[in-house]
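**Student:** Below you'll find the structure I mean.
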Amino acid sequence: MDRDNGPRVRVPEQRAPEKPGTADALRFTVLGPVRAWRGSEPLSSGSPQQRALLAALLLREGRTATASELIDAFWGEDPPSQALATIRTYASRLRKILGQDTLVSESGGYAIRTDRAALDLTLAQDLAGEAEKARAAGDRCQARTLINKVLGLWDGEALASVPGPYADNQRTRLEEWRLQLTEARLDLDLEVGCHAEAVSELTALTAAHPLRERLRELLMVALYRSGRQAEALAVYADTRRLLAEELGVDPRPELAQLQQRILRADEELARPADEPAPAPAPLRPAQLPATVPDFTGRSAFVSELGGRLATAEGSVMAVSAVAGIGGVGKTTLAVHVAHQARRHFPDGQLYVDLQGAGARAAEPETVLGSFLRALGTADSAIPDTLDERAALYRSTLDGRRILILLDNAHDAAQIRPLLPGTAGCAALVTSRVRMVDLAGAHLVDLDVMSPEEALQLFTRIVGDERVGAEREAALDVVAACGFLPLAIRIAASRLAARRTWTVSVLAAKLADERRRLDELQAGDLAVKATFELGYGQLEPAQARAFRLLGLADGPDISLAAAAALLNLDPHAAEDLLEALVDTSLVESAAPGRYRYHDLVRLYARACAERDEEPVERESALSRLLDFYLATAAGVYALERPGDRLADHREPTQYSGLTFADRHSAQDWLYTEANSLLACVRQSSGAGAVRRAVDLLWATKDLAESGANSKQYEAAAITMRDLARSSDDARAEGRALITLTNARLVAGRFDQAERDAQRAMRLARAVDDPLPSCWAPNDLGIIALYQNRHAEGEAYLEQAIANFRADGNRPGEASALCNLSRIHLAMGNTTSAVALAQQGIDIYDELGHALRGANGRYALGLALTQSGRFADATEQLHDALAVFRDSRQRLWEGMATFRLAEVDLAAGLPAQAATKSEQALAILRGIGGEWRRGNVLTVLGRALSEIGQPGRAQVCWREALEIYETLGSAEIETVRKLLVPTLPG
Numbered sequence: 004m005d006r007d008n009g010p011r012v013r014v015p016e017q018r019a020p021e022k023p024g025t026a027d028a029l030r031f032t033v034l035g036p037v038r039a040w041r042g043s044e045p046l047s048s049g050s051p052q053q054r055a056l057l058a059a060l061l062l063r064e065g066r067t068a069t070a071s072e073l074i075d076a077f078w079g080e081d082p083p084s085q086a087l088a089t090i091r092t093y094a095s096r097l098r099k100i101l102g103q104d105t106l107v108s109e110s111g112g113y114a115i116r117t118d119r120a121a122l123d124l125t126l127a128q129d130l131a132g133e134a135e136k137a138r139a140a141g142d143r144c145q146a147r148t149l150i151n152k153v154l155g156l157w158d159g160e161a162l163a164s165v166p167g168p169y170a171d172n173q174r175t176r177l178e179e180w181r182l183q184l185t186e187a188r189l190d191l192d193l194e195v196g197c198h199a200e201a202v203s204e205l206t207a208l209t210a211a212h213p214l215r216e217r218l219r220e221l222l223m224v225a226l227y228r229s230g231r232q233a234e235a236l237a238v239y240a241d242t243r244r245l246l247a248e249e250l251g252v253d254p255r256p257e258l259a260q261l262q263q264r265i266l267r268a269d270e271e272l273a274r275p276a277d278e279p280a281p282a283p284a285p286l287r288p289a290q291l292p293a294t295v296p297d298f299t300g301r302s303a304f305v306s307e308l309g310g311r312l313a314t315a316e317g318s319v320m321a322v323s324a325v326a327g328i329g330g331v332g333k334t335t336l337a338v339h340v341a342h343q344a345r346r347h348f349p350d351g352q353l354y355v356d357l358q359g360a361g362a363r364a365a366e367p368e369t370v371l372g373s374f375l376r377a378l379g380t381a382d383s384a385i386p387d388t389l390d391e392r393a394a395l396y397r398s399t400l401d402g403r404r405i406l407i408l409l410d411n412a413h414d415a416a417q418i419r420p421l422l423p424g425t426a427g428c429a430a431l432v433t434s435r436v437r438m439v440d441l442a443g444a445h446l447v448d449l450d451v452m453s454p455e456e457a458l459q460l461f462t463r464i465v466g467d468e469r470v471g472a473e474r475e476a477a478l479d480v481v482a483a484c485g486f487l488p489l490a491i492r493i494a495a496s497r498l499a500a501r502r503t504w505t506v507s508v509l510a511a512k513l514a515d516e517r518r519r520l521d522e523l524q525a526g527d528l529a530v531k532a533t534f535e536l537g538y539g540q541l542e543p544a545q546a547r548a549f550r551l552l553g554l555a556d557g558p559d560i561s562l563a564a565a566a567a568l569l570n571l572d573p574h575a576a577e578d579l580l581e582a583l584v585d586t587s588l589v590e591s592a593a594p595g596r597y598r599y600h601d602l603v604r605l606y607a608r609a610c611a612e613r614d615e616e617p618v619e620r621e622s623a624l625s626r627l628l629d630f631y632l633a634t635a636a637g638v639y640a641l642e643r644p645g646d647r648l649a650d651h652r653e654p655t656q657y658s659g660l661t662f663a664d665r666h667s668a669q670d671w672l673y674t675e676a677n678s679l680l681a682c683v684r685q686s687s688g689a690g691a692v693r694r695a696v697d698l699l700w701a702t703k704d705l706a707e708s709g710a711n712s713k714q715y716e717a718a719a720i721t722m723r724d725l726a727r728s729s730d731d732a733r734a735e736g737r738a739l740i741t742l743t744n745a746r747l748v749a750g751r752f753d754q755a756e757r758d759a760q761r762a763m764r765l766a767r768a769v770d771d772p773l774p775s776c777w778a779p780n781d782l783g784i785i786a787l788y789q790n791r792h793a794e795g796e797a798y799l800e801q802a803i804a805n806f807r808a809d810g811n812r813p814g815e816a817s818a819l820c821n822l823s824r825i826h827l828a829m830g831n832t833t834s835a836v837a838l839a840q841q842g843i844d845i846y847d848e849l850g851h852a853l854r855g856a857n858g859r860y861a862l863g864l865a866l867t868q869s870g871r872f873a874d875a876t877e878q879l880h881d882a883l884a885v886f887r888d889s890r891q892r893l894w895e896g897m898a899t900f901r902l903a904e905v906d907l908a909a910g911l912p913a914q915a916a917t918k919s920e921q922a923l924a925i926l927r928g929i930g931g932e933w934r935r936g937n938v939l940t941v942l943g944r945a946l947s948e949i950g951q952p953g954r955a956q957v958c959w960r961e962a963l964e965i966y967e968t969l970g971s972a973e974i975e976t977v978r979k980l981l982v983p984t985l986p987g
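This note's numbering runs 3 ahead of the 1-based position in the sequence shown.
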């Protein structure tokens with residue numbers, strides 16, 4: 004049973020059981036080769052027959068074995084004439100090794116006296132007993148951990164190479180126990196929701212033990228819970244056929260009942276056991292933000308909402324402000340009420356800021372993914388589509404009492420998928436709009452505070468002594484704030500922080516009508532007037548930083564990026580940013596990272612438009628773009644030594660960060676991905692488009708990572724359109740190459756080809772070497788995928804010539820490796836191996852780790868077709884390790900898939916099925932349907948060879964549907980696989 008390649012919890016390496024205390028204590032193993040140690044030193048256990056004696060005595064766990072019992076154990080019914088003398092000889096030799104106190108003679112027989120902890124088998128038995136107790140107590144996580152420890156004590160076959168009928172019987176017994184433990188562990192995996200991870204291991208186990216119905220049952224459940232109902236039913240059909248052919252019996256009743264439940268789409272079967280098991284992800288979320296200590300007033304609303312939550316029957320609580328006014332205290336009220344109602348929701352509370360007031364509201368599918376993780380769902384079990392996530396979310400909430408706080412919603416459409424579907428849960432929603440179209444909602448219109456409440460809030464922040472001495476001035480202050488809670492809080496905080504001010508000073512400052520809320524105005528004007536109070540108290544340098552930082556589009560900004568935008572050294576920038584954090588105008592998202600509330604950002608931009616010259620605004624964003632481009636180009640150069648991008652990219656006036664190694668560079672790239680791509684999208688000014696396109700080029704790894712592929716493609720489309728509208732052929736050509744790369748990753752080859760063809764024409768027109776080299780390289784790859792091999796060969800030979808003319812050796816290596824694959828597809832395996840090796844030699848000479856892995860990937864394919872399976876496996880494993888280390892999920896999945904192809908070609912279909920399942924899991928959401936079809940085809944072949952033809956047919960039918968939708972050349976190949984096998 005090979006567990007090295009599965010996605011399970013890693014079990015410890017087998018070694019001698021450790022006895023605490025005595026350093027020279029004897030220790031023994033029988034769950035593998037029979038071995039002995041004294042302390043850390045291995046002892047010789049002698050010949051196979053001598054090891055057979057040692058094993059027989061160890062397995063009696065201290066009980067005496069008579070001479071006749073030992074003779075039967077060694078030779079059965081046909082012992083030699085000198086059997087007793089032989090036993091005595093082996094016993095004497097063992098006594099010299101182990102010591103007289105360990106191997107003792109008594110009652111005409113022998114026994115080994117040692118502690119239970121000295122033998123791996125008794126240690127395993129004790130751990131298994133603890134696992135049973137943990138499971139009975141409902142602690143599935145601990146039970147799984149203990150069973151994994153038990154299984155980790157095995158080192159191959161028990162009693163390996165030990166002769167004799169007794170050893171044979173014990174080997175069979177121990178192997179059966181090992182399988183039972185594995186089944187118990189897999190059963191626990193399914194109970195805690197790790198069904199997707201279990202499929203690959205169960206596929207391998209059912210291949211190794213085809214008549215073991217319990218494994219088939221577990222596989223059916225795992226497939227069904229993974230959304231693969233047809234395959235689950237095919238497993239039953241394969242099992243029924245196999246049992247009839249081999250044994251002439253039907254499946255056991257439990258298996259037949261399971262088939263019926265799957266046919267009925269039984270909802271109870273679709274989810275794990277009712278009670279939650281401990282897991283790394285929190286199963287009782289407590290995500291509510293802290294309530295403010297000076298919450299004031301709103302008693303009627305608190306009572307109304309609290310009463311409805313206390314008797315919640317699945318109804319939705321929607322809190323919104325009149326006309327959607329910001330700063331009226333919607334979130335403060337909702338968080339306060341939610342905290343008071345926590346006792347009514349013992350299973351937890353979920354919270355999310357839906358960013359509805361911003362330009363890019365949170366996507367419901369993203370929020371659902373976060374909620375499902377918080378509720379304990381494994382990443383691999385979270386579906387891709389919005390509808391599937393919403394359905395799983397409602398199923399997960401069923402039977403639990405959880406409060407969901409949906410803050411700052413954009414509209415009813417955004418929150419409908421996030422609402423619970425059953426009684427017992429409740430959703431509390433805040434929004435700037437009144438949600439009259441949200442069916443069943445209890446609507447609350449939250450107005451500004453009453454004068455009494457406003458004064459009370461002001462007093463709690465400023466202090467009784469100062470307000471009591473100037474009550475009339477305090478009333479003037481809260482009136483000037485329009486009784487808006489956020490405005491009152493900002494004004495009071497300013498006053499509290501300035502001990503030399505009196506309340507009258509603050510009131511005088513607010514007497515200016517430009518600083519007050521106008522009752523005839525609403526919405527953002529009121530919010531701006533409120534924020535003006537805090538903004539007006541900033542020092543000039545702080546105010547400049549506040550204005551300019553608000554121009555950046557990203558969700559947050561790092562200290563280094565902010566320093567670039569402000570044209571300051573990092574220490575000075577940090578002082579300003581921390582001062583803004585103290586004023587509550589900026590939030591500290593994490594150490595060294597800062598963000599604006601969405602309404603504050605809008606206000607900051609309004610200030611910048613009012614107080615900054617256009618050239619200064621453009622310069623700030625230009626410096627930010629320079630910083631990202633210079634830093635990303637450095638990351639690109641670390642990953643691709645010798646690449647010519649550094650020579651052909653647009654120059655930058657602001658320098659970027661430097662990194663000591665590629666891992667820290669990658670950390671920066673993926674941390675900054677969202678902010679960096681947002682900077683690209685907003686770079687529409689004169690002179691910025693070309694740099695933004697080059698920034699996209701320098702961050703190609705984001706497209707292949709899977710985490711940022713969609714955002715990268717959207718940014719590439721934006722830059723292509725901007726370049727085209729400004730008649731910048733060079734920028735458009737480069738943007739088209741970045742878009743080609745994104746579409747190749749997504750498997751949309753027709754679109755990619757159109758983009759690459761236009762990029763090549765534009766590159767020729769403006770003599771731009773970058774797309775002149777990469778466009779034919781990409782076109783060669785597309786031709787390979789579409790089986791246009793002669794055309795692909797011509798493109799790649801052109802790419803090689805262009806790369807050599809430009810002196811771009813890494814590009815040349817890339818084209819050589821791609822040409823290797825073309826030759827391989829044309830049947831020229833010898834030249835395919837040679838071309839791939841040429842590419843690898845260049846990569847290795849330049850120190851290309853990641854791109855060298857791409858070369859080894861190509862070489863692995865060529866070696867597979869050459870029949871050199873061991874060499875192919877070595878190359879692909881080397882590539883896989885680099886892809887995984889570099890966070891290249893697309894290539895990690897593809898390398899795993901290619902290893903499955905090697906196993907299949909080498910006659911190892913069970914391993915091929917396991918790796919194919921792993922590849923499907925890795926490639927979820929990336930790589931496109933065409934690549935998924937390829938993996939399903941190979942998985943079907945492997946399943947067919949391990950005796951699961953029904954499940955294989957399901958895989959092939961899904962692959963055929965994919966190919967027919969895409970119009971792919973693989974259609975006929977899969978159709979031939981689906982032709983039913985005629986009976987012999």
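We treat Cβ as the ideally placed atom computed from N, Cα and C, and that holds for glycine.
For clarity, every value in this text was computed on a predicted model and none was experimentally measured.
So, under 8 Å CB-CB, A134 and L149 are touching, yes? Tell me the CB distance rounded to an integer number of Å.
**Tutor:** 4 Å
**Student:** Do R98 and L3 count as a contact pair if the criterion is CB distance below 8 Å?
**Tutor:** This structure gives no information on residue 3, because the portion of the chain shown stretches from 4 to 987.
**Student:** To which residues does DSSP link V153 through a beta bridge?
**Tutor:** Its beta-bridge partners do not exist; DSSP assigns none.
**Student:** Which of helix, strand or coil does DSSP assign to I974?
**Tutor:** helix
**Student:** Could you tell me whether the segment 292 to 301 touches the segment 244 to 252, where touching means 3 or more Cβ pairs closer than 8 Å?
**Tutor:** no
**Student:** Can you list, in chain order, the stretches of the alpha helix (DSSP H) that have 4 or more residues and sit fully within the segment 451 to 479?
**Tutor:** 454 to 465 and 467 to 472
**Student:** Give me the Cα-Cα distance between L821 and L799, rounded to the nearest whole angstrom.
**Tutor:** Per the sequence shown, the amino acid found at residue 821 is Asn instead of Leu. So the alpha carbons of these two residues sit roughly 7 Å apart.
**Student:** Along the chain, where does the alpha helix (DSSP H) containing D445 start, and where does it finish?
**Tutor:** Correcting the residue type first, residue 445 is His in the shown sequence and not Asp. Element bounds for H445: not the alpha helix (DSSP H) but the beta strand (DSSP E), A444 to L449.
**Student:** May I have the straight-line CA-CA distance separating H347 from T425, to the nearest angstrom?
**Tutor:** 16 Å
**Student:** Measuring only the C-alpha atoms, how far is A759 from Y788?
**Tutor:** 15 Å
**Student:** Excluding five sequence neighbours on each side, which residues of the same chain lie with their C-beta closer than 6 Å to the C-beta of R243?
**Tutor:** If we look at R243 and ignore the five residues flanking it on each side, its Cβ neighbours are P254.
**Student:** Closest to A457 by CA distance: which of A490, R469 and G427 is it?
**Tutor:** A490
**Student:** Considering T433, what are the terminal residues of the alpha helix (DSSP H) in which it resides?
**Tutor:** Note, T433: premise wrong, no alpha helix (DSSP H); beta strand (DSSP E) at A429 to S434.
**Student:** Starting from I407, trace the beta strand (DSSP E) both ways and give me its first and last residue.
**Tutor:** L406 to A412
**Student:** Exposed or buried, which one is D724 when buried takes at least 16 other CB atoms within 10 Å?
**Tutor:** With fewer than 16 Cβ atoms within 10 Å of its Cβ, D724 is classed as exposed.
**Student:** Where does W700 sit, in a helix, a strand or coil, going by DSSP?
**Tutor:** helix
**Student:** When we look at the beta-carbon of G141 and count the other beta-carbons within 10 Å, is it buried (16 or more) or exposed?
**Tutor:** exposed
**Student:** Just mark P779 as buried or exposed, buried being the case when its beta carbon has 16 or more other beta carbons within 10 Å.
**Tutor:** Burial is judged here by how many other beta carbons sit within 10 angstroms of a residue's own beta carbon; P779 has at least 16 and is buried.
**Student:** Identify which residue in V195, Y239 and C197 has its Cα closest to the Cα of P214.
**Tutor:** As written in the sequence, residue 214 is Leu, which differs from the Pro given in the question. The residue with the shortest Cα to Cα distance from L214 is Y239.
**Student:** Since G930 contacts G896 with CB under 8 Å, what's their CB separation in whole angstroms?
**Tutor:** 6 Å
**Student:** Assuming L449 contacts K333 (C-beta within less than 8 Å), just tell me the rounded distance between them.
**Tutor:** 6 Å
**Student:** How would you call R501, buried or exposed, if buried means at least 16 neighbouring beta carbons within 10 angstroms?
**Tutor:** exposed
**Student:** With a threshold of 8 Å between beta-carbons, can L208 be considered close to chain D, or not?
**Tutor:** The structure shown has no chain D; it contains just one protein chain.
**Student:** Taking the alpha carbon of L189 as the point to measure from, which residue in L221, G167 and S823 has its own alpha carbon closest?
**Tutor:** L221
**Student:** Within this structure, are the beta carbons of Q540 and R604 separated by less than 8 Å?
**Tutor:** no
**Student:** Between the Cα of D704 and those of R665, S398 and V692, spot the shortest distance and give me the residue it belongs to.
**Tutor:** R665
**Student:** According to DSSP, simplified to helix, strand and coil, what is D356?
**Tutor:** strand
**Student:** In the structure shown, what three-state DSSP assignment does P594 receive?
**Tutor:** coil
**Student:** Taking just the CA atoms, how far does V982 sit from R824?
**Tutor:** 30 Å
**Student:** Given this structure, state the Cα-to-Cα distance separating L588 from Y599, to the nearest angstrom.
**Tutor:** 7 Å
**Student:** Tell me the DSSP secondary structure of W989 in three-state form.
**Tutor:** The first residue shown for the chain is 4 and the last is 987, placing residue 989 beyond what the model contains.
**Student:** Can you tell me whether DSSP reads G112 as helix, strand or coil?
**Tutor:** Here G112 carries a strand assignment [DSSP, helix/strand/coil].
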